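Report on the structure given below.
Residue numbers (our numbering): 22 to 206.
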């Protein structure tokens, strides 16, 4: 477990830590970033992109985050909490925060800059490193995965329906031939 931080905090900050702990424990996916040098326009565009993806994004204090992570039992996060830190978090989709941030970095050609860097992430209660966040971002979105699953489920069903329609059609032809034969007899 991470180092226990024996820090006396006031009730207001204690409430902030409790809120952050709740967010960290109930998140499906989260990404911690460094945002040093991000312009106001870039920050606004990033927040818009994240909001469209159903992701909340806010600046967090490293000390408060360490305390919340300790209380939540998240191991391995302390080493990533240096410098400026912001948290992108989704309570619905594991991939959304990572994908939105990585897409924003690519769209704005920030890959080799220090302006917006991924520090670490959380996937359903487990801390992951920067490389794992990037790998997660490369996965298809939840909607794409669901569409593929639905398509693969529909293929056998539509094949069965077509086969049954063929059998019914053939039966109708046979009955029609029998009817015509009886009428001509």
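Quick reminder that beta carbons are idealized off the backbone N, C-alpha and C, glycines included.
Just so it is clear, the structure is predicted and the values come from calculations on it, not from any experiment.
Rounded to a whole number of angstroms, what is the C-alpha to C-alpha distance between residue 151 and residue 73? Here residue 151 refers to the residue found at position 130 of the chain shown. Here residue 73 refers to the residue found at position 52 of the chain shown. Straight-line spacing of the CA atoms in residue 151 and residue 73 works out to 23 Å.
For residue 54, tell me which candidate among 79, 61, 70 has the shortest Cα-Cα distance. Along the chain shown, one-based indexing puts residue 54 at 33. The shortest Cα separation from residue 54 among 79, 61, 70 belongs to 79.
Using three-state DSSP, classify residue 74 as helix, strand or coil. Along the chain shown, one-based indexing puts residue 74 at 53. Note: residue 74 maps to coil in three-state DSSP.
Is it buried or exposed, residue 174, if we count other Cβ atoms within 10 angstroms and call 16 or more buried? Your numbering for residue 174 matches position 153 in the chain shown. Its Cβ having fewer than 16 others within 10 Å, residue 174 is exposed.
Please report the distance separating the alpha-carbon of residue 99 from that of residue 134. As a first step, residue 99 must be located in the chain shown, where it is residue number 78. As a first step, residue 134 must be located in the chain shown, where it is residue number 113. Roughly 23 Å between the two C-alpha positions.
Roughly how many angstroms lie between the CA atoms of residue 46 and residue 171, to the nearest whole one? Taking the chain shown and counting its residues from 1, the one referred to as residue 46 is at position 25. Taking the chain shown and counting its residues from 1, the one referred to as residue 171 is at position 150. Distance between the alpha carbons of residue 46 and residue 171 is about 30 Å.
Anticipated Cβ contact below 8 Å, residue 81 with residue 137, distance rounded: Residue 81 sits at position 60 when you count from the first residue of the chain shown. Residue 137 sits at position 116 when you count from the first residue of the chain shown. Rounded, the Cβ-Cβ distance is 15 Å, inconsistent with contact.
Is residue 24 helix, strand or coil by DSSP? In the chain shown, counting from the first residue as 1, residue 24 sits at position 3. Its pLDDT being 49, under 50, residue 24 is placed unreliably by the model, and the measurement read from it follows with that caveat. Coil.
Tell me which residue opens and which closes the beta strand (DSSP E) that residue 148 is part of. Taking the chain shown and counting its residues from 1, one reaches residue 148 at position 127. Segment 147-150, the beta strand (DSSP E) holding residue 148.
Is the CB-CB distance between residue 56 and residue 105 below 7 Å? As a working note, residue 56 is residue 35 in the chain shown. As a working note, residue 105 is residue 84 in the chain shown. Taking C-beta atoms as the reference points, residue 56 and residue 105 count as a pair closer than 7 Å.
With DSSP collapsed to three states, give me the class of residue 37. Position 16 of the chain shown, counted from the start, is the residue given in the question as residue 37. It is helical.
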